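Colleague:
In the working numbering, the protein residues as written are -9 to 101.
#1: Take residue 38 as the anchor and find which of 59, 18 and 21 has the nearest alpha-carbon.
#2: Alpha carbons only, please: which of 64, 35, -2 and 15 is nearest the one belonging to residue 27?
#3: According to the neighbour-count rule (16 or more other Cβ atoms, all chains shown, within 10 Å of its Cβ), is residue 91 buried or exposed?
#4: Drop a sphere of 10 angstroms on the beta-carbon of residue 61, count the other beta-carbons inside from all chains shown, and report buried for 16 or more, exposed for fewer.
#5: Counting pairs of Cβ atoms below 8 Å between the segment 72 to 91 and the segment 50 to 59, do you hit three or more?
#6: Around the C-beta of residue 6, are 16 or more other C-beta atoms found within 10 angstroms, so that it is buried, or is it exposed?
#7: Grab the span of the alpha helix (DSSP H) containing residue 6 for me, first residue to last.
#8: Considering Cα atoms alone, identify which of 18, 34, 41 and 52 is closest to residue 71.
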């Protein structure tokens, strides 16, 4: 899903927004720090799991797309940092829905 709408974000809470925004910021501010990126990736994986469990508890199937994008984003920049490799564009692709959600949350939650 490349372009998300507000309807796609309606099920997320302010706590989800805070977590996702903080992990994205942590990763963005530490692009060359493998230790911090490893922890950010671990947290992103936990968030992804939490969001998937919530989907299942609500009777839905599948994986949470936003949580998956966050984990793919942190995992990609972690892999790039470990190999001292420039971003090949994938991290930016994974970041698109995350950045959209962060902007949506600013409006919805009044930051």
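We put the beta carbon where it would ideally sit given N, CA and C, even for glycine.
Values in this document were obtained by computation on a predicted structure and should not be read as measured data.
Modeller: According to the data block:
#1: Within the chain shown, numbered from 1, the residue matching residue 38 stands at position 48. Residue 38 has its Cα closest to that of 59, out of 59, 18 and 21.
#2: To locate residue 27, count along the chain shown from 1; it is residue 37. Closest option to residue 27, Cα to Cα, is 64.
#3: Sequence index remark: in the chain shown, residue 91 carries index 101 (1-based). Buried: at least 16 other Cβ atoms inside 10 Å.
#4: As a first step, residue 61 must be located in the chain shown, where it is residue number 71. Flag for residue 61 reads buried.
#5: yes
#6: The residue labelled residue 6 in the question sits at position 16 within the chain shown. With 16 or more other Cβ atoms within 10 Å, it is buried.
#7: Counting from one through the chain shown, the residue named residue 6 turns up at place 16. Where residue 6 is concerned, the enclosing alpha helix (DSSP H) stretches over 4 to 18.
#8: Walking along the chain shown from the start, residue 71 turns up at place 81. For the residues 18, 34, 41 and 52, the minimum Cα distance to residue 71 belongs to 18.
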